[in-house]
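Residue numbers (this note's numbering), protein chains in the order written: chain A, 66 to 406; chain B, 66 to 406. Where a beta carbon is used, it is the ideal one built from N, C-alpha and C, also for glycine. The block underneath contains the structure these notes are about, expressed in structure tokens.
Protein chains: 2
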Amino acid sequence: MTHTISLTLEETFALAQSSLEERGFSTSQAEAIAESVTIAERDGCSSHGLFRIPFYLNALKNPGCDPKAEPELTVSDSSVVHVDARGGFCPLAVKKGVPELVQKANSQGIAALAVHNCYNIAALWPDVEALAENGLVAFAFTAANAFVAPAGGIKPIYGTNPMAFAWPRPGQPPLVFDQASSASARGEIQLHLRDGKNIPEGWAIDSEGTPTTDPEAALAGAQLTFGGYKGAAIALMIELLAGALIGDLFSYESSERDAHRVGAPFGGEFLLAIDPSHCVPDGNIKAQQARAELLFEKILEQEGTRLPGARRQAARMETKVNGISIPETLHSAILQAGRTT
Amino acid sequence: MTHTISLTLEETFALAQSSLEERGFSTSQAEAIAESVTIAERDGCSSHGLFRIPFYLNALKNPGCDPKAEPELTVSDSSVVHVDARGGFCPLAVKKGVPELVQKANSQGIAALAVHNCYNIAALWPDVEALAENGLVAFAFTAANAFVAPAGGIKPIYGTNPMAFAWPRPGQPPLVFDQASSASARGEIQLHLRDGKNIPEGWAIDSEGTPTTDPEAALAGAQLTFGGYKGAAIALMIELLAGALIGDLFSYESSERDAHRVGAPFGGEFLLAIDPSHCVPDGNIKAQQARAELLFEKILEQEGTRLPGARRQAARMETKVNGISIPETLHSAILQAGRTT
Numbered sequence: 066m067t068h069t070i071s072l073t074l075e076e077t078f079a080l081a082q083s084s085l086e087e088r089g090f091s092t093s094q095a096e097a098i099a100e101s102v103t104i105a106e107r108d109g110c111s112s113h114g115l116f117r118i119p120f121y122l123n124a125l126k127n128p129g130c131d132p133k134a135e136p137e138l139t140v141s142d143s144s145v146v147h148v149d150a151r152g153g154f155c156p157l158a159v160k161k162g163v164p165e166l167v168q169k170a171n172s173q174g175i176a177a178l179a180v181h182n183c184y185n186i187a188a189l190w191p192d193v194e195a196l197a198e199n200g201l202v203a204f205a206f207t208a209a210n211a212f213v214a215p216a217g218g219i220k221p222i223y224g225t226n227p228m229a230f231a232w233p234r235p236g237q238p239p240l241v242f243d244q245a246s247s248a249s250a251r252g253e254i255q256l257h258l259r260d261g262k263n264i265p266e267g268w269a270i271d272s273e274g275t276p277t278t279d280p281e282a283a284l285a286g287a288q289l290t291f292g293g294y295k296g297a298a299i300a301l302m303i304e305l306l307a308g309a310l311i312g313d314l315f316s317y318e319s320s321e322r323d324a325h326r327v328g329a330p331f332g333g334e335f336l337l338a339i340d341p342s343h344c345v346p347d348g349n350i351k352a353q354q355a356r357a358e359l360l361f362e363k364i365l366e367q368e369g370t371r372l373p374g375a376r377r378q379a380a381r382m383e384t385k386v387n388g389i390s391i392p393e394t395l396h397s398a399i400l401q402a403g404r405t406t
Numbered sequence: 066m067t068h069t070i071s072l073t074l075e076e077t078f079a080l081a082q083s084s085l086e087e088r089g090f091s092t093s094q095a096e097a098i099a100e101s102v103t104i105a106e107r108d109g110c111s112s113h114g115l116f117r118i119p120f121y122l123n124a125l126k127n128p129g130c131d132p133k134a135e136p137e138l139t140v141s142d143s144s145v146v147h148v149d150a151r152g153g154f155c156p157l158a159v160k161k162g163v164p165e166l167v168q169k170a171n172s173q174g175i176a177a178l179a180v181h182n183c184y185n186i187a188a189l190w191p192d193v194e195a196l197a198e199n200g201l202v203a204f205a206f207t208a209a210n211a212f213v214a215p216a217g218g219i220k221p222i223y224g225t226n227p228m229a230f231a232w233p234r235p236g237q238p239p240l241v242f243d244q245a246s247s248a249s250a251r252g253e254i255q256l257h258l259r260d261g262k263n264i265p266e267g268w269a270i271d272s273e274g275t276p277t278t279d280p281e282a283a284l285a286g287a288q289l290t291f292g293g294y295k296g297a298a299i300a301l302m303i304e305l306l307a308g309a310l311i312g313d314l315f316s317y318e319s320s321e322r323d324a325h326r327v328g329a330p331f332g333g334e335f336l337l338a339i340d341p342s343h344c345v346p347d348g349n350i351k352a353q354q355a356r357a358e359l360l361f362e363k364i365l366e367q368e369g370t371r372l373p374g375a376r377r378q379a380a381r382m383e384t385k386v387n388g389i390s391i392p393e394t395l396h397s398a399i400l401q402a403g404r405t406t
């Protein structure tokens with residue numbers, strides 16, 4: 066039997082924030098991370114919720130990781146805005162860049178935000194959702210640590226490299242997806258190992274390159290991309306966008322740097338934002354939005370379909386009223402981690 | 066035995082151009098299409114080569130299709146450039162917008178090109194490759210006709226919706242991919258039908274929604290996206306970008322409009338271009354490019370890997386020297402089509 070602890074979303078935020086602050090995080094870093102963690106719990110994604118707090122605390126073992134870093138914003142005439150996270154964490158760095166990104170996208174029609182030198186343990190969808198709440202179409206890309214084999218290869222090079230996309234909707238939350246370019250999340254394989262279950266075919270190969278359903282062999286081998294070579298092309302694109310393009314690390318470089326194997330990828334995040342009013346010649350956003358809603362209706366007319374993000378939105382309704390519950394062991398680990406070493 | 070006709074690339078261009086001009090296409094429309102078709106043949110992609118000429122000629126049956134259309138370029142202070150194709154074909158419309166897109170990307174760091182009201186039968190990769198030859202990182206998206214079921218559904222809504230991406234490389238052709246968000250090209254299923262072969266599992270469902278390997282049942286049913294719901298999310302994103310965002314048709318609307326079922330999708334194309342020099346704080350493009358080359362080397366060190374587009378580049382070497390060959394039946398059909406009705 067698993068003992069659980071029930072928390073409201075306010076308590077979730079407070080627990081995350083205080084455990085980080087007690088461990089030396091600045092108030093602004095701790096608040097931004099606690100917000101990201103609370104959004105994940107609110108949306109039913111526990112793998113990016115309080116479960117991540119120990120990862121944040123562990124990341125402090127990594128070289129140059131600064132829990133008090135003040136991200137530095139650089140704005141020029143260019144529509145590409147830069148934030149140097151200076152060895153801090155993504156949530157605060159992204160938050161620092163978003164207002165300028167929104168302003169550039171509004172004035173120029175399209176703009177980008179390059180976040181540099183960042184520990185990235187957070188989910189991506191809150192970043193694009195925040196942009197879509199400002200009426201923008203948004204993309205986000207980030208690399209990770211090397212866990213995924215390239216097409217035709219057997220050794221990990223790519224990260225699980227998520228890509229997130231958001232589309233603003235009038236009077237309701239944006240349509241959002243946030244998907245790894247690997248066939249499964251790494252955490253899913255770890256959960257199968259913990260529970261003594263086999264993983265589905267197509268998720269991974271062992272260290273000899275043979276397809277495997279054994280989670281231990283999978284973790285020692287390499288994960289596979291979703292959709293074969295097409296998913297691998299997307300994984301490569303994300304390495305280029307969040308790595309070479311903005312001068313940050315590739316996933317395999319982040320892994321090499323992660324000497325303590327704490328699973329805190331270090332690198333960049335690349336965001337794009339488009340102001341829809343620049344994209345139709347007559348600037349009629351309402352007509353654009355109405356047409357998108359027609360498409361969504363057309364999809365939902367078919368039994369068995371749902372829009373991306375629908376599960377997160379359902380969870381949101383539920384957790385707002387009923388709060389969340391986490392394993393007591395995780396609760397203790399967070400309290401413990403915040404008070405020792 | 067199949068009789069074939071051998072052609073140099075110059076002869077390929079001339080055949081494409083003259084067959085279009087004889088059928089009433091303006092010189093500029095015919096040249097741009099012939100260029101697109103010749104690039105496809107040069108790169109070993111016969112499905113987008115001369116094979117497409119009959120599609121262009123057939124498209125004239127569609128409402129408002131104008132083989133002499135002069136695309137109209139609209140440039141403002143915005144970084145989003147517009148070209149109204151005015152019922153003509155994509156290759157000329159894109160060509161008209163590219164110089165302005167390059168200029169905006171160079172000055173602002175990131176820019177977009179929205180091509181409107183366009184018959185799109187061409188391959189996407191030449192569009193992004195042309196941008197990468199100007200030193201830009203580039204994306205292109207376009208919808209099609211409705212052939213692909215949404216995740217969980219059984220009736221076609223999405224097109225085969227390709228997404229293309231290009232990364233500039235010093236001293237050699239850009240890295241380029243151009244991939245449908247469907248598991249297979251529609252033409253592949255048609256070829257299996259012609260040859261009396263079953264299609265692989267995972268490509269399609271029949272009209273009842275049951276997975277099928279029968280190409281005829283597949284064509285009457287719906288194609289599936291690559292990589293399950295993740296590919297479906299990409300297909301939906303492309304409908305939104307090339308459809309609602311720029312005020313052009315969704316795939317299902319293009320199908321409804323295609324009364325003669327000639328397979329000439331009508332709608333928009335959306336291109337993004339990023340100038341790498343804006344994306345690293347020190348603007349050092351050479352260092353960015355060198356880092357990308359390191360990643361490519363790291364991938365190619367593993368046996369069995371290749372970079373996206375490698376097959377096209379190999380074909381390019383071959384066809385430059387040896388030209389191409391096409392079935393005599395196709396050659397006759399092109400000559401015939403150009404001279405009747």
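- Counting along the chain, residue 391 of chain B sits inside the beta strand (DSSP E) bounded by residues 389-392.
- Three or more Cβ pairs drawn from the stretch 153-170 of chain B and the stretch 191-207 of chain B lie within less than 8 Å of each other, which places the two stretches in contact.
- Shown in chain order are the members of the stretch 143-154 of chain A whose Cβ falls below 7 Å from a Cβ of chain B: 143, 144, 145, 147.
- Beta-bridge partners of residue 276 of chain B (DSSP): B:270.
- Across the stretch 230-264 of chain B, CB contacts with chain A closer than 9 Å involve 230, 232, 240, 242, 244, 245, 246, 248, in sequence order along the chain.
- Contact check for residue 182 of chain B and residue 207 of chain B: beta-carbon distance about 13 Å, past the 8 Å limit, so the pair fails to qualify.
- For residue 101 of chain A, the number of other beta carbons within 10 angstroms of its own is at least 16, and it is reported as buried.
- Shown here, residue 333 of chain A sits in a strand according to DSSP, grouped into three states.
- Collapsing the DSSP output to three states places residue 341 of chain A in a helix.
- Residue 131 of chain A: not part of any alpha helix (DSSP H); DSSP gives it neither H nor E.
- Assignment of residue 396 of chain B by DSSP, reduced to helix, strand and coil, places it in the helix class.
- Within 7 Å of the CB of residue 344 of chain A, the CB atoms of chain B belong to 145, 179, 310, 311, in sequence order along the chain.
- For residue 298 of chain A, a Cβ of chain B is located within less than 8 Å of the residue's own Cβ.
- At a cut-off of 8 Å between beta carbons, residue 317 of chain A contacts chain B.
- At a cut-off of 8 Å, the C-beta of residue 350 of chain A has no neighbouring C-beta in chain B.
- Classified as exposed, residue 382 of chain B has fewer than 16 neighbouring CB atoms from the shown chains inside 10 Å of its CB.
- Taking the beta carbon of residue 224 of chain B as reference, no residue of chain A falls within 9 Å; the closest one sits roughly 12 Å away.
- Of all residues in the stretch 107-140 of chain A, only 139 place a beta-carbon less than 8 Å from a beta-carbon of chain B.
- DSSP places residue 68 of chain A outside both helix and strand once states are collapsed to three, so it counts as coil.
- Interface with chain A (8 Å Cβ-Cβ cutoff): residue 275 of chain B is excluded.
- As for any alpha helix (DSSP H) of minimum length 4 sitting wholly inside the stretch 203-281 of chain A, the runs are 251-259, ordered along the chain.
- Boundaries of the beta strand (DSSP E) around residue 177 of chain A: 175-184.
- Using a Cβ-Cβ cut-off of 7 Å, residue 371 of chain A is close to 217 of chain B, given in chain order.
- Sequence-distant Cβ neighbours of residue 291 of chain B in its own chain, meaning closer than 6 Å and more than five residues away, are 248.
- Note: residue 168 of chain B is not bridge-paired with any residue in the DSSP secondary-structure output.
- Taking a C-beta cut-off of 7 Å against chain B, none of the residues of the stretch 67-80 of chain A qualify.
- Note that the stretch 166-177 of chain B touches the stretch 338-350 of chain B; at least 3 beta-carbon pairs, one per stretch, sit closer than 8 Å.
- The three-state reading of DSSP puts residue 289 of chain B in coil, since its state is none of H, G, I, E or B.
- Using beta-carbon distances, residue 286 of chain B does not count as an interface residue toward chain A, since no partner is under 8 Å.
- Checking the DSSP bridge columns, you'll see residue 138 of chain A partnered with A:148.
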